[in-house]
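In what follows, a structure is listed as structure tokens, so that the remarks can point back to it.
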Amino acid sequence: MAEALHPSGDDRFAVLDKHLKRTHHAQDQLIETLHVAQEVFGYLSDDILMYVARALLLPPSMVLGVATFYHLFNFEAQGEHACSVCTGTACFVKGADAIVAAVRDGYAVAPGATSEDGFLTLRTARCLGSCGLAPVVVIDGNVAGHQDARSTLELIRAQARIPEEVN
Amino acid sequence: MPEVRRSIAITIDDTEIDAYEGESILQAARRFGIKIPSMCYLEGLSVWGACRICVVEVAGQHQPRPACATLVVEDMEVRTNTARLQSHRRTILELLFAEGNHVCAVCVSNGNCELQDRAVEAGMDHVRFDYRNPLRPVDATHPKYVFDPNRCIVCTRCVRVCDEIEGAHVWDVASRGHQAHLVTELGQPWGRSSSCTWCGKCVASCPTGALFYQGSAVGESVHAPDLVARLVAARRDHEWFPPVESPTSPNEQNGDDR
Amino acid sequence: MATPIDLHEVAERELEDQARYPWRIKACGSTACQSAGAGASISTLESEVVAVGLSDSVRVMSTGCMGLCSRGPLVRVLRRGGEETMYQSVDRDVAVDIVGAVAGRGEVADANRIDRHIPFFTRQHRVVLANAGIIDPDRLASAVAHGAYSALEKAITTMTPDQVVEAIKASGLRGRGGAGYPVGAKWSLLAGASSDQKYVIANGDEGDPGAYMDRTVMEDDPHRVIEGLAIAAYATGATRGYIYVRAEYPKAVERLDRAIRAARRSRLLGRKVLGSDFDFEVQVRIGAGAFVCGEETALIASIEGRRGNPRLRPPYPTESGLFGMPSMINNVETLANIPAIVSKGANWFSSIGTDRSTGTKVFALAGDLTNTGLIEVPMGISLREIVEDMGGGVPDGKVFKAAQTGGPSGGCIPTQFMDTSVDYESLRELGSIMGSGGLIVMDEDTSMPEVARFFMEFCMDESCGKCVPCRAGTVQLHGLLDRICSGEGRPGDLGLLEELCTVVRETSLCGLGQSAPNPVVSTLHYFRDEYESLLQEAAHA
Chain A
1 MAEALHPSGD DRFAVLDKHL KRTHHAQDQL IETLHVAQEV FGYLSDDILM YVARALLLPP
61 SMVLGVATFY HLFNFEAQGE HACSVCTGTA CFVKGADAIV AAVRDGYAVA PGATSEDGFL
121 TLRTARCLGS CGLAPVVVID GNVAGHQDAR STLELIRAQA RIPEEVN
Chain B
1001 MPEVRRSIAI TIDDTEIDAY EGESILQAAR RFGIKIPSMC YLEGLSVWGA CRICVVEVAG
1061 QHQPRPACAT LVVEDMEVRT NTARLQSHRR TILELLFAEG NHVCAVCVSN GNCELQDRAV
1121 EAGMDHVRFD YRNPLRPVDA THPKYVFDPN RCIVCTRCVR VCDEIEGAHV WDVASRGHQA
1181 HLVTELGQPW GRSSSCTWCG KCVASCPTGA LFYQGSAVGE SVHAPDLVAR LVAARRDHEW
1241 FPPVESPTSP NEQNGDDR
Chain C
2001 MATPIDLHEV AERELEDQAR YPWRIKACGS TACQSAGAGA SISTLESEVV AVGLSDSVRV
2061 MSTGCMGLCS RGPLVRVLRR GGEETMYQSV DRDVAVDIVG AVAGRGEVAD ANRIDRHIPF
2121 FTRQHRVVLA NAGIIDPDRL ASAVAHGAYS ALEKAITTMT PDQVVEAIKA SGLRGRGGAG
2181 YPVGAKWSLL AGASSDQKYV IANGDEGDPG AYMDRTVMED DPHRVIEGLA IAAYATGATR
2241 GYIYVRAEYP KAVERLDRAI RAARRSRLLG RKVLGSDFDF EVQVRIGAGA FVCGEETALI
2301 ASIEGRRGNP RLRPPYPTES GLFGMPSMIN NVETLANIPA IVSKGANWFS SIGTDRSTGT
2361 KVFALAGDLT NTGLIEVPMG ISLREIVEDM GGGVPDGKVF KAAQTGGPSG GCIPTQFMDT
2421 SVDYESLREL GSIMGSGGLI VMDEDTSMPE VARFFMEFCM DESCGKCVPC RAGTVQLHGL
2481 LDRICSGEGR PGDLGLLEEL CTVVRETSLC GLGQSAPNPV VSTLHYFRDE YESLLQEAAH
2541 A
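Protein chains in written order, with the numbering used here: chain A, 1 to 167; chain B, 1001 to 1258; chain C, 2001 to 2541.
Below, the structure is given as structure tokens:
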């Protein structure tokens, strides 16, 4: 059923369809399916949620309910760069709050949101399990330990320059 | 085909009663006219066990237990109204009043509200916690009904009745924790929902003024929570009980505008 | 169908292969060392070995956690039949020096050497972490060479399921996820349930901030978890298993997946395990960021693809669990103890630790300590030994104030109880819990009301929202703490705080809500003066 090409002709749906087929469209695979969908599309738009609901024959409200229950699902396009600050206990004790505040003020972005220019998404993360290196930040997937407000801002600047040079 | 159910002797507030095996404390108490206050429990629906208003003390157990979700056990001794329980219930009600925007004076359900009734019974005359005053827009897009989330206590009766009795599953809970809220379909306005059958069971089941008929004025909204139990009994036993009392049907007021 | 693996042959071949190299360099590739730059140092080690022409005599391998995470990246150099040296803060330059030293040219600076005789290492007793930092977690043969699956083989070929359950009971092993429920008792409940389909589930949804023991086990020795789960299945009559891992641990997921595939290829999983009549299939399921899913019934809901709302117990999962079938959930660290108990016997296991808390416990040491990282210690060790001897005490001349155990469900232990034995009962008596193993040390500068506020914010964010006391109660508790901490507390706030703590504790539906007030109650008990002085300041402002 969901094998048919998506009307939009978007071939990313083929990846999602492959996962759905592999898991036999099982309803208990909803969370895994949402993970795959987010990986492929970057975030879960209403269209995607509806597509998943139809593919698994689930009520849309249940799909939305499950997706919004879990923190790792995004419902909006993410920024060009992402900065996650660990707010686990060890990082808290070592001053993660100040890092969050500095990034928030420096880029006018609330934790959990993306700056208006789409440059940076700021997240606060639950313990990343690198407590020996507290406080820890993750910038575009690269983990950096022993950070403070200044070094984090520098890291973001350094990270941002790389794609510019490539372009 | 009435099945023979095994009797289980239990004591509720010093009264010995013969409960049935497989029955909850709440069900047994109600059959014997012993009142245990509850909110999220609705006869005929699955047990949710979340409002914690119906907590009772069971001898030998340190923690209070929800009467709706605790099955009777031979020789169980239950107390339903100790000072500790009264105080806990009052605090839980205060938490509910502080969480939403419950203003009885302007509410369609004023006088017909289970939250209001429970608060009065519990003697909850003021709220010691800071009011959260959340911003929650009203959804009046449905031609027949209105959803006012300010009065919603997330008891999920509407979710369960829509799923378990009507079979439409229009409603569900989105987000979590203090941000948990009711949604129809993908969170779009209720009026745009294509799965809603306009059956009104959610409105009938709502304990507060969160769900009501379009055009209801203050104090006019009447719910019919016993509807669910009647439907379930009719489906199961082929016995059709008339409504206990027939409220002035909002349908008659508004006409069936479908 | 592939022939079952001959464990002894694989182990022998692997050991012979390793013995071909006179030198082995083991570099920690775990998450903590990776964040300190282990990736670069490992590739430097590899390229240097080639550059100096020692490819035939030096083998570089990436292993799991060596424990002393605060000094990473860590590297161990082993010489055949000789000494073992450990190095810290191994960046590219140090990596070059290490290979140089192996080649007999130059030395590594003393500052980069770690003394292996410090209490941090010598006080440990490694059972769960026996192979962490030693084996290559991505190679089945490497694990087998260090004993993996020999306990499963022993159980299947020489023991009845009942005998396995009895051995676990006799060992006195208790759940390592926090509550300390006797594991053998749980196993016999599932074994006694009659059903065509039963499930065993490994709970790898380690969510306590500051705790990463389970991640380390899953990443560094995935076969131990799989073997423990398989033995649990054999003992209880389950034929399907799930390993539920939080999504924040992608590497653990990847390694477990790879390990499961390798085990299946070798007939250590799947139909007719090791040629016996025992069938067992395992799948990894990934969470999506919800602390509450560590709760048994919420975890089950999540595996079923639903919102992670806990439900009321009874019925317990061993009666009606996953997909309505009898199921048993054991924590990852709990399962990682199983192979050793089966191999070495219940008596050996119960000889470690105390009478009522047998075996070892892995702790993640963090916070204001000189040495932070992972340690595995026998139960009954004193808090002082952990903090002062192993952790090296509080740095910068500061004074120890409290140790926090049990994360958001636990409490703070102040300095006067430093000599307390670390076991389930003693910690509970002090108003904390063993928890999953986070141990965070706080120095004199830490404000305890702030700590309570931090944990309450965590619980508030992680509440599923189902029951009112937890959903709305944690919000009000957080509001009260926030107002007290920001110097805006009102008279009567402490009384209200305490009353609400009681209501949330006594009426919440699941363990998350019931234990959410613990950090507040505990800090109020030991550090009430801090709350009071904040309120006095507010009154005079």
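Note that CB positions come from ideal geometry on N, CA and C, so glycine has one too.
**Report entry** Backbone secondary structure at T2236(C) - three-state DSSP
**Finding:** Here the question's residue 2236(C) lines up with position 236 in the third sequence. In this structure, T2236(C) counts as helix in the three-state DSSP scheme.
Query - Beta-carbon gap between S61(A) and D1172(B) smaller than 8 angstroms - result: Residue 61(A) sits at position 61 when you count from the first residue of the first sequence. Residue 1172(B) sits at position 172 when you count from the first residue of the second sequence. Yes, the Cβ-Cβ distance between S61(A) and D1172(B) is below 8 angstroms.
Report task. Could you check how far apart the C-beta atoms of T89(A) and G2407(C) are, in whole angstroms? I think they sit under 8 angstroms. Result -> In the first sequence, the residue the question calls residue 89(A) occupies position 89. In the third sequence, the residue the question calls residue 2407(C) occupies position 407. Sure, about 7 angstroms apart at Cβ, within 8 angstroms.
Query raised in the report: When burial is assigned at 16 or more other CB atoms within 10 Å of the CB, is E2546(C) buried or exposed?
Result: Chain C is shown from 2001 up to 2541; residue 2546(C) falls before or after that span and cannot be answered.
Query - Same chain, Cβ closer than 6 angstroms to P2119(C), five either side skipped, listed in chain order - result: Within the third sequence, the letter at position 119 stands for residue 2119(C). Result list for P2119(C): D2389 and M2390, in chain order.
Query raised in the report: When the cut-off is 8 angstroms and only beta carbons count, does R2471(C) lie next to chain B?
Result: Start at 1 with the first residue of the third sequence, and residue 2471(C) comes out as number 471. Output row for R2471(C): interface = yes.
Query raised in the report: Which partner residues does F150(A) have in the DSSP bridge list?
Result: Within the first sequence, numbered from 1, the residue matching residue 150(A) stands at position 150. The question names Phe, but residue 150(A) is Arg in the sequence shown. DSSP output for R150(A) lists no bridge partner at all.
Query raised in the report: Per DSSP, what kind of secondary structure is I1153(B) in: helix, strand or coil?
Result: Here residue 1153(B) is taken as the residue at index 153 of the second sequence, counted from 1. If DSSP states are grouped into helix, strand and coil, I1153(B) belongs with coil.
Query raised in the report: Quick one, which of A1059(B), A1069(B), R1031(B) and G1060(B) has its alpha-carbon nearest C1040(B)'s?
Result: As a working mapping, residue 1040(B) is identified with position 40 in the second sequence. Among A1059(B), A1069(B), R1031(B) and G1060(B), the Cα nearest to that of C1040(B) is on A1069(B).
Query raised in the report: Using the beta-carbon of each residue, which ones in chain A are nearer than 8 angstroms to M2325(C)?
Result: Numbered from 1 along the third sequence, position 325 holds the residue referred to as residue 2325(C). The premise fails here: M2325(C) is roughly 13 angstroms from chain A at the closest Cβ pair, so nothing lies under 8 angstroms.
Query raised in the report: Between which two residues does the beta strand (DSSP E) carrying L2078(C) extend?
Result: In the third sequence, residue 2078(C) corresponds to position 78, counting from 1. Its beta strand (DSSP E) spans residues V2075 to R2079.
Requested in this report: Using only alpha-carbon positions, find the residue among I2300(C), M2159(C), A2132(C) and T2160(C) that is nearest to G2147(C).
Outcome: By one-based count along the third sequence, residue 2147(C) stands at place 147. Considering only alpha carbons, the answer is A2132(C).
**Report entry** Rounded distance between the beta-carbons of L2229(C) and A2202(C), thought under 8 angstroms
**Finding:** Locating residue 2202(C) in the third sequence gives position 202, counting from the first residue. Locating residue 2229(C) in the third sequence gives position 229, counting from the first residue. With 8 angstroms as the limit, A2202(C) and L2229(C) qualify as a contact, their Cβ atoms being about 5 angstroms apart.
Query raised in the report: Is the CB-CB distance between A2346(C) and S2171(C) below 8 angstroms?
Result: By 1-based counting over the third sequence, the position of residue 2346(C) is 346. By 1-based counting over the third sequence, the position of residue 2171(C) is 171. Going by C-beta atoms, A2346(C) is nearer than 8 angstroms to S2171(C).
Query raised in the report: Quick one: is S2426(C) buried, meaning 16 or more other Cβ sit within 10 Å of its Cβ, or exposed?
Result: By 1-based counting over the third sequence, the position of residue 2426(C) is 426. Buried, since its Cβ has 16 or more Cβ neighbours within 10 Å.
Query raised in the report: Roughly how many angstroms lie between the CA atoms of S130(A) and F2400(C), to the nearest whole one?
Result: Locating residue 130(A) in the first sequence gives position 130, counting from the first residue. Locating residue 2400(C) in the third sequence gives position 400, counting from the first residue. Rounded to whole angstroms, S130(A) to F2400(C) spans 22 angstroms at the Cα level.
Query - Candidates Q2018(C), M2418(C) and E2488(C), of which the one nearest V2058(C) by Cα - result: Residue numbering aside, residue 2058(C) sits at position 58 when the third sequence is read from its first letter. That would be Q2018(C), whose Cα lies nearest to the Cα of V2058(C).
Query raised in the report: Would you call the segment 1174 to 1186 of chain B and the segment 1150 to 1161 of chain B in contact, with 3 or more CB pairs under 8 angstroms?
Result: yes
Query raised in the report: Nearest-angstrom Cα distance between A1233(B) and Y2316(C)?
Result: On the second sequence, position 233 is the one that residue 1233(B) refers to. On the third sequence, position 316 is the one that residue 2316(C) refers to. Between A1233(B) and Y2316(C), the C-alpha separation is close to 29 angstroms.
Query raised in the report: Is it right to say P1143(B) is buried, meaning 16 or more other beta carbons lie within 10 angstroms of its own, or is it exposed?
Result: Position 143 of the second sequence, counted from the first residue, corresponds to residue 1143(B). Label assigned to P1143(B): exposed.
Query raised in the report: At a Cβ cut of 9 angstroms, what residues of the segment 2044 to 2073 of chain C count as close to chain A, listed as they run along the chain?
Result: L2068, C2069, S2070, R2071 and G2072
Query raised in the report: Apart from the five residues on each side of it in sequence, which residues of its chain come closer than 7 angstroms, Cβ to Cβ, to A82(A)?
Result: By 1-based counting over the first sequence, the position of residue 82(A) is 82. Excluding positions up to five away in sequence, the list reads T121, R123 and D140.
Report task. Specify whether the segment 94 to 105 of chain A and the segment 52 to 71 of chain A touch according to this definition: at least 3 beta carbon pairs, one from each stretch, less than 8 angstroms apart. Result -> At 8 angstroms Cβ cutoff, the stretches do not touch.
Query raised in the report: Using a Cβ-Cβ cut-off of 6 angstroms (strictly less than) and excluding sequence neighbours within five positions of L2430(C), which residues of its own chain qualify?
Result: Locating residue 2430(C) in the third sequence gives position 430, counting from the first residue. Only I2413 and F2417 meet the Cβ criterion.
Query - Identity of the residues DSSP links to I139(A) by a beta bridge - result: Translated into positions along the first sequence, residue 139(A) becomes position 139. I139(A) is bridged to C83(A) and N142(A).
Query raised in the report: Does the beta-carbon distance from T2360(C) to H2125(C) come in below 8 angstroms?
Result: Within the third sequence, numbered from 1, the residue matching residue 2360(C) stands at position 360. Within the third sequence, numbered from 1, the residue matching residue 2125(C) stands at position 125. Yes, these two residues count as a Cβ contact at 8 angstroms.
Query raised in the report: Who does R2483(C) pair with in a DSSP beta bridge?
Result: Taking the first residue of the third sequence as 1, we reach residue 2483(C) at position 483. Paired residues: none, contrary to the question.
Query - Nonlocal neighbours in the same chain, by C-beta distance under 6 angstroms from T2297(C), ignoring five residues either side - result: In the third sequence, counting from the first residue as 1, residue 2297(C) sits at position 297. Result list for T2297(C): P2310 and R2311, in chain order.
Query - G1060(B), buried or exposed, once every other Cβ within 10 Å from all chains shown has been counted against 16 - result: Locating residue 1060(B) in the second sequence gives position 60, counting from the first residue. With fewer than 16 Cβ atoms within 10 Å of its Cβ, G1060(B) is classed as exposed.
Query raised in the report: Using a beta-carbon distance below 8 angstroms, is E1185(B) in contact with chain A?
Result: Along the second sequence, read from residue 1 onward, the residue named residue 1185(B) stands at position 185. At least one chain A Cβ lies under 8 angstroms of E1185(B).
Query raised in the report: Considering only C-alpha positions, which residue in the set V2504(C), I2375(C), P2073(C) and L2274(C) is nearest to V2127(C)?
Result: If you number the third sequence from 1, residue 2127(C) lands on position 127. Ranking V2504(C), I2375(C), P2073(C) and L2274(C) by Cα distance to V2127(C) puts I2375(C) first.
Query raised in the report: Is the Cβ of D46(A) closer than 8 angstroms to any Cβ of chain B?
Result: Residue numbering aside, residue 46(A) sits at position 46 when the first sequence is read from its first letter. Yes, D46(A) lies at the interface with chain B (some Cβ there is under 8 angstroms from its Cβ).
Query raised in the report: Below 8 angstroms between beta carbons: does that hold for M2442(C) and A2516(C)?
Result: Against the third sequence, residue 2442(C) aligns to sequence position 442. Against the third sequence, residue 2516(C) aligns to sequence position 516. A2516(C) is positioned such that its CB atom lies no closer than 8 angstroms to that of M2442(C).
Query raised in the report: What do you reckon, are the CB atoms on C127(A) and A2211(C) nearer than 8 angstroms?
Result: Start at 1 with the first residue of the first sequence, and residue 127(A) comes out as number 127. Start at 1 with the first residue of the third sequence, and residue 2211(C) comes out as number 211. For C127(A) and A2211(C), yes; Cβs fall inside 8 angstroms.
Report task. Out of V2282(C), G2373(C) and M2379(C), state which residue places its alpha-carbon closest to the alpha-carbon of D2355(C). Result -> Taking the first residue of the third sequence as 1, we reach residue 2355(C) at position 355. The shortest Cα separation from D2355(C) among V2282(C), G2373(C) and M2379(C) belongs to M2379(C).
Query raised in the report: Helix, strand or coil: which one does DSSP assign to T2063(C)?
Result: Counting from one through the third sequence, the residue named residue 2063(C) turns up at place 63. Strand at T2063(C).
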